[in-house]
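Residue numbers (this note's numbering), protein chains in the order written: chain A, 1 to 416; chain B, 417 to 760. Please read the structure below before turning to the comments.
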């Protein structure tokens with residue numbers, strides 16, 4: 001009996017000896033997952049989002065040809081594979097050839113035959129990259145990567161090539177195959193780029209891997225024979241919770257929430273901006289455009305993207321507060337003062353200097369949580385500032401990353 | 417025994433809750449260029465030739481915020497950073513802005529929609545012609561003692577008033593992690609967050625042809641890319657000036673994964689045209705130029721810092737007629753370095 005009781009006590013002690021470390025381990029894991037990983041525009045991450053990529057080689061959108069140079073760098077000493085998606089957010093005509101023969105349009109006026117200019121769904125195009133240790137790569141979105149090397153020497157070093165004859169001035173083509181990236185020209189493309197660090201080999205090479213090694217940025221060009229206008233922003237990096245190199249279970253990325261695989265999107269987005277039509281000097285009138293993309297997305301399989309509702313709270317330099325709201329599906333690029341007013345009515349917008357009376361403003365953007373069981377409502381964004389000389393209509397621009405605050409309680413998911 | 421066991425579990429549970437809460441707090445207050453903080457660092461502010469700068473600072477909180485700001489410059493290149501200070505008072509959620517060549521006056525009669533319209537945050541002095549330096553702003557209380565509300569954010573717009581060119585970057589915001597703050601400000605992870613220990617720069621080597629300008633613009637193999645890097649030390653003695661020296665080590669990788677390493681000196685504030693100084697000639701310069709070593713258009717530089725530094729890069733894209741477009745970008749960061757800022 002004594003032995004039996006003693007044995008029972010030993011068993012309790014043994015159970016406690018097991019449970020205590022397990023509890024401590026679980027606690028440690030909770031703390032380690034709560035700290036550190038974040039959505040950031042400056043730290044290396046396992047999932048990159050470039051909210052805006054634009055290609056317009058003919059200049060049909062605003063009169064000046066546009067292209068985007070994308071840079072992605074592997075900051076690790078180990079090679080890595082990357083699975084990427086261009087998400088096409090170009091509005092297209094329901095009827096008519098549009099601006100590029102493929103239906104791209106800005107307004108209904110660009111659509112012949114009574115067509116309507118609309119963005120009904122965002123089609124995704126995927127491709128793969130293989131990056132060696134510490135390798136930086138870059139490409140023009142219009143051209144993609146369709147060659148297998150770079151020119152060395154000659155008069156065009158660094159230009160893409162497949163054979164020596166592709167290089168000018170006696171340069172030779174040195175092999176460096178990073179993969180194939182589809183060219184987005186000759187038509188018009190507006191949309192985003194999303195890239196995930198993946199396994200890269202085996203039966204399912206596109207399974208995400210728990211690493212945080214990628215940084216990226218994009219430069220949007222407006223160039224012709226008389227204009228050189230360049231703006232650069234950093235890609236938004238979403239860090240994987242674990243960075244041990246382990247493989248995830250499926251091709252659905254869970255951002256935030258209780259079962260997070262990646263850091264969660266922010267609860268609020270803060271944008272400092274000049275109110276539209278502010279005069280910074282006699283030769284400099286400013287307008288701003290914001291590009292919004294969702295944190296949640298079903299890439300390749302989504303014919304009916306979810307509608308996201310956003311609330312805007314706007315403060316001017318008098319501490320006065322005004323508000324607005326808008327909705328979008330999978331991609332939206334819009335001038336601030338057209339968020340709450342139709343084109344032509346910008347002077348009546350809460351984002352216009354004529355309404356606010358001061359040059360500087362602060363706008364807090366909050367995605368409205370959906371109550372329909374679809375939790376994905378986080379957003380990412382960049383802002384572009386356009387400085388126009390009223391005297392000669394010359395335009396120069398700059399892009400910048402927005403600020404993030406807090407983290408949404410609900411998870412976002414990216415599935416492919 | 418069972419009660420003792422349950423109390424252990426309860427204790428562990430409470431620890432988990434506190435750890436999670438602290439972690440959540442830490443997660444929301446880490447330093448960087450995309451979150452509000454208590455110390456704002458604008459590494460590059462210029463009023464040179466035809467270039468001028470507009471500074472934007474915003475109080476993202478719902479209570480009044482006192483801010484103590486310092487313009488830093490090192491005009492003689494000796495490593496001594498002189499500071500000119502001024503104070504701001506921002507009401508709840510108030511954004512403010514000023515052009516550094518003009519400063520900002522306290523004038524309640526500013527007309528609707530003019531540069532001075534809005535609640536004047538305080539008298540802001542103009543910087544003199546030729547100014548190149550930085551701006552540092554610290555959240556303080558009404559007595560001028562440091563206060564950590566983590567509610568400041570900021571941006572800088574650099575403009576060329578002759579050509580209309582413009583570039584823009586976000587201020588680096590250092591978050592306070594303690595309510596018990598003292599002077600000097602300890603950026604050590606216990607009072608304030610630390611500064612970055614390494615910086616990553618995606619760039620094109622000096623003299624590279626710009627592939628977009630070559631295709632769409634006026635080039636004929638005569639386009640040109642240059643990059644300017646500006647670094648600001650996180651170790652700042654704003655009371656007596658700063659005389660800090662150090663060495664930034666770097667490794668540059670091109671698209672062939674070839675590494676090129678080197679170093680260059682830095683002081684409290686350093687601005688450098690990459691590939692155009694003796695310390696960076698080969699490693700940041702295209703093979704198109706004499707002495708250049710980088711054979712590809714896209715490259716990355718990993719900068720390792722002896723002390724905490726923040727920085728900003730500005731690239732210049734030039735066609736054969738000299739028409740130039742510039743773009744500023746924040747650097748990518750990693751690691752951690754402790755630093756201290758001494759207020760007057």
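All C-beta atoms in this analysis are idealised placements derived from N, C-alpha and C, irrespective of residue type, glycine included.
Whole-number beta carbon distance between residue 88 (chain A) and residue 122 (chain A), since they are thought to touch under 8 Å
Yes, they are in contact, since the Cβ atoms of residue 122 (chain A) and residue 88 (chain A) sit about 6 Å apart, within 8 Å.
May I ask you to report which of helix, strand or coil DSSP gives residue 640 (chain B)?
Three-state result, residue 640 (chain B): strand.
Does the segment 676-689 of chain B come close enough to the segment 146-153 of chain A that 3 or more CB-CB pairs lie under 8 Å?
Contact between the segment 146-153 of chain A and the segment 676-689 of chain B is absent, because fewer than three Cβ pairs lie under 8 Å.
Let me know if residue 340 (chain A) comes out buried or exposed under the rule of 16 or more other beta-carbons within 10 Å of its beta-carbon.
Classification for residue 340 (chain A): buried.
Of all the options A:176, A:328 and A:401, which has the alpha carbon lying nearest to the alpha carbon of residue 269 (chain A)?
Distances from the alpha-carbon of residue 269 (chain A) to those of A:176, A:328 and A:401 put A:401 closest.
Name the chain A residues that come within less than 9 Å of residue 699 (chain B), Cβ to Cβ?
The contacting residues do not exist; residue 699 (chain B) stays about 14 Å from chain A at best.
Could you work out which residues of chain B lie near residue 310 (chain A), taking near to mean beta carbons separated by less than 7 Å?
Near residue 310 (chain A) there are no residues of chain B at all, since even the closest Cβ is about 18 Å away, more than 7 Å.
Here's the rule: buried if 16 or more other CB atoms are within 10 angstroms of the residue's CB, otherwise exposed. What is residue 331 (chain A)?
A residue is called buried when at least 16 other Cβ atoms come within 10 angstroms of its Cβ; residue 331 (chain A) meets this threshold and is buried.
Checking the sheet assignment: what are the DSSP bridge partners for residue 136 (chain A)?
Bridge partners of residue 136 (chain A): A:73.
Using beta carbons (cut-off 8 Å, strictly below), is residue 232 (chain A) in contact with chain B?
So yes, residue 232 (chain A) belongs to the interface.
Do the CB positions of residue 180 (chain A) and residue 197 (chain A) come within less than 8 Å of each other?
No, the pair does not count as a contact, with Cβ atoms beyond the cut-off.
Using the beta-carbon of each residue, which ones in chain A are nearer than 8 Å to residue 644 (chain B)?
Within chain A, not a single residue places a beta-carbon under 8 Å from that of residue 644 (chain B); the smallest gap is close to 13 Å.
So is residue 369 (chain A) in contact with chain B if we call contact Cβ pairs under 8 Å?
So, not an interface residue.
Could you say which of B:620, B:475, B:553 and B:477 lies nearest to residue 459 (chain B) if we only look at CA atoms?
With distances taken between Cα atoms, residue 459 (chain B) lies closest to B:553.
By DSSP, does residue 715 (chain B) sit in helix, in strand, or in coil?
Shown here, residue 715 (chain B) sits in a strand according to DSSP, grouped into three states.
Taking the alpha carbon of residue 522 (chain B) as the reference point, which residue from B:538, B:559 and B:467 has its own alpha carbon closest?
Checked all of B:538, B:559 and B:467; the closest Cα to residue 522 (chain B) is B:538.
How big is the Cα-Cα spacing for residue 383 (chain A) and residue 562 (chain B)?
Going by C-alpha positions, residue 383 (chain A) is about 32 Å away from residue 562 (chain B).
At what residues does the beta strand (DSSP E) containing residue 364 (chain A) begin and finish?
Where residue 364 (chain A) is concerned, the enclosing beta strand (DSSP E) starts and stops at 360-367.
For residue 565 (chain B), which of helix, strand or coil comes out of DSSP?
Looking at residue 565 (chain B) - three-state DSSP - the assignment turns out to be coil, as it is neither helix nor strand.
CB-CB under 6 Å to residue 219 (chain A), same chain, minus the five flanking residues each way: which ones, in chain order?
Answer for residue 219 (chain A): 69, 230 and 232, listed in chain order.
Per-residue burial, residue 135 (chain A) [other beta carbons within 10 Å of its own, 16 or more giving buried]
Label assigned to residue 135 (chain A): buried.
For residue 327 (chain A) and residue 254 (chain A), I'd like the C-alpha separation in whole angstroms.
When the Cα atoms are used, residue 327 (chain A) and residue 254 (chain A) turn out to be separated by approximately 23 Å.
So, for residue 613 (chain B): in the same chain, excluding its five sequence neighbours on each side, which residues have a beta-carbon less than 7 Å away from its beta-carbon?
In chain order, 721, 750, 751, 752 and 753 place their CB closer than 7 Å to the CB of residue 613 (chain B), counting only its own chain and leaving out the 5 sequence neighbours on each side.
Is any beta-carbon of chain B found at less than 8 Å from that of residue 83 (chain A)?
The beta carbon of residue 83 (chain A) does not come within 8 Å of any beta carbon belonging to chain B, so the residue lies off that interface.
Opposite residue 726 (chain B) in the DSSP bridges: which residues?
For residue 726 (chain B), which the question treats as bridged, DSSP gives the partners B:648.
Between the alpha carbons of residue 440 (chain B) and residue 452 (chain B), how many angstroms are there, rounded?
Residue placement at residue 440 (chain B) is poorly supported in this model, since its pLDDT is 39, which falls under 50; the coordinates still yield a value, given next. C-alpha separation (whole angstroms): 15 Å.
Can you list, in chain order, the residues of its chain whose CB lies under 6 Å from that of residue 437 (chain B), leaving out five sequence neighbours each side?
Residue placement at residue 437 (chain B) is poorly supported in this model, since its pLDDT is 38, which falls under 50; the coordinates are not used for a value here.
Taking 8 Å as the threshold (beta carbon to beta carbon), is residue 666 (chain B) in contact with chain A?
No, its Cβ sits nowhere closer than 8 Å to a Cβ of chain A.
Under 7 Å: does the beta carbon of residue 205 (chain A) sit that close to some heavy atom of the ligand COA?
By its list of ligands, the structure shown contains no ligand whatsoever, and the ligand COA lies outside what it can speak to.
Which listed residue (B:628, B:657 and B:643) has its alpha carbon closest to that of residue 227 (chain A):
Here the closest residue by C-alpha is B:628.
Cβ of residue 634 (chain B) less than 8 Å from any chain A Cβ?
Taking Cβ atoms only, chain A reaches closer than 8 Å to residue 634 (chain B), which makes this a yes.
Take every Cβ of the segment 306-325 of chain A, pair it with every Cβ of the segment 505-516 of chain B, and state whether three or more of those distances are shorter than 8 Å.
The segment 306-325 of chain A is in contact with the segment 505-516 of chain B.
Return the chain-ordered list of same chain residues with a C-beta closer than 8 Å to the C-beta of residue 403 (chain A), the five sequence neighbours on each side being excluded.
269, 270, 271 and 272.
Using only alpha-carbon positions, find the residue among B:543, B:671, B:585 and B:712 that is nearest to residue 178 (chain A).
Out of B:543, B:671, B:585 and B:712, the CA that lies nearest to the CA of residue 178 (chain A) is found in B:671.
Segments assigned beta strand (DSSP E), at least 3 residues, entirely inside the segment 576-648 of chain B:
Counting whole runs of 3 or more residues, the segment 576-648 of chain B contains the beta strand (DSSP E) stretches 582-586, 588-590, 601-603 and 614-619.
What does residue 656 (chain B) pair with, by DSSP beta-bridge criteria?
According to DSSP, residue 656 (chain B) shares a beta bridge with no other residue.
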